[in-house]
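The structure appears below as structure tokens.
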Amino acid sequence: DIKDLGDFFKPARDPPSGDEKDEIDAIFEEANRKHADEDFDGAIEDYSKINELYPCKEAHLNIGLCKVELDDMDGAVESYDKALDMDGAYSSAYYNKGLILEMRGELEDAL
């Protein structure tokens, strides 16, 4: 029955609120500061904490960006794919993944 498809499109869980949202926001702020300070390993650790609490495409994207800075292109592509698994239309993840694939000469996969 087509009416039953409504549950299919709901997120896996409700967005965080209250104390949980405050905690995630604080971790995100700290992760972004570490990223800006070029503490990429520390930023990855914090973004990963966010994904444990409430998986989000932005944290996966930022992990990918940090992994590029650490010259871990395979890890970056994996992170971008995780972001795309959450939102198949996430243009930032497609763009950054495409740059890596183009750099590798994997043009067919980049399209």
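Under the working numbering, the residue at position 6 of the sequence shown is numbered 14, and the numbers go up by one with no gaps. Cβ atoms here follow ideal geometry from the backbone N, Cα and C, with glycine treated the same way.
Cα-Cα separation, residue i to residue j
i      : j      : result
Ala34  : Tyr103 : 27 Å
Tyr98  : Gly83  : 18 Å
His43  : Leu61  : 20 Å
Glu31  : Asp49  : 20 Å
Asp9   : Leu92  : Since pLDDT at Asp9 reaches only 39, below the 50 mark, its modelled position is unreliable, and the value read off the structure follows with that caveat. Between Asp9 and Leu92, the C-alpha separation is close to 29 Å.
Asn120 : Pro23  : Examination of residue 120 is not possible in this model, given that the chain is present from 9 through 119 alone.
Phe36  : Glu116 : 35 Å
Asp47  : Leu109 : 25 Å
Asp95  : Leu107 : 19 Å
Glu114 : Met81  : 13 Å
His68  : Asn59  : 8 Å
Asp79  : Asp89  : 17 Å
Reduced DSSP category for residue i - H, G, I as helix; E, B as strand; rest coil
i      : result
Arg41  : helix
Asp47  : coil
Tyr88  : helix
Asp54  : helix
Glu66  : helix
Leu115 : helix
Range covered by the alpha helix (DSSP H) that runs through residue i
i     : result
Ser99 : 99-111
Gly96 : Here Gly96 belongs to no alpha helix (DSSP H), and DSSP marks it neither H nor E.
Beta-carbon proximity of residue i to residue j, cut-off 8 Å
i     : j     : result
Ala51 : Cys74 : yes
Ser87 : Gly72 : yes
Asn39 : Asp54 : At residue 39 the sequence reads Ala, which differs from the Asn that was named. Taking 8 Å as the Cβ cut-off, Ala39 and Asp54 qualify as a contacting pair.
Per-residue burial, residue i [other beta carbons within 10 Å of its own, 16 or more giving buried]
i      : result
Asp15  : At Asp15, the pLDDT of 44 sits below 50, so the modelled position is not reliable; the number obtained from the coordinates is stated separately. Answer is exposed; the Cβ neighbour count stays below 16.
Lys105 : buried
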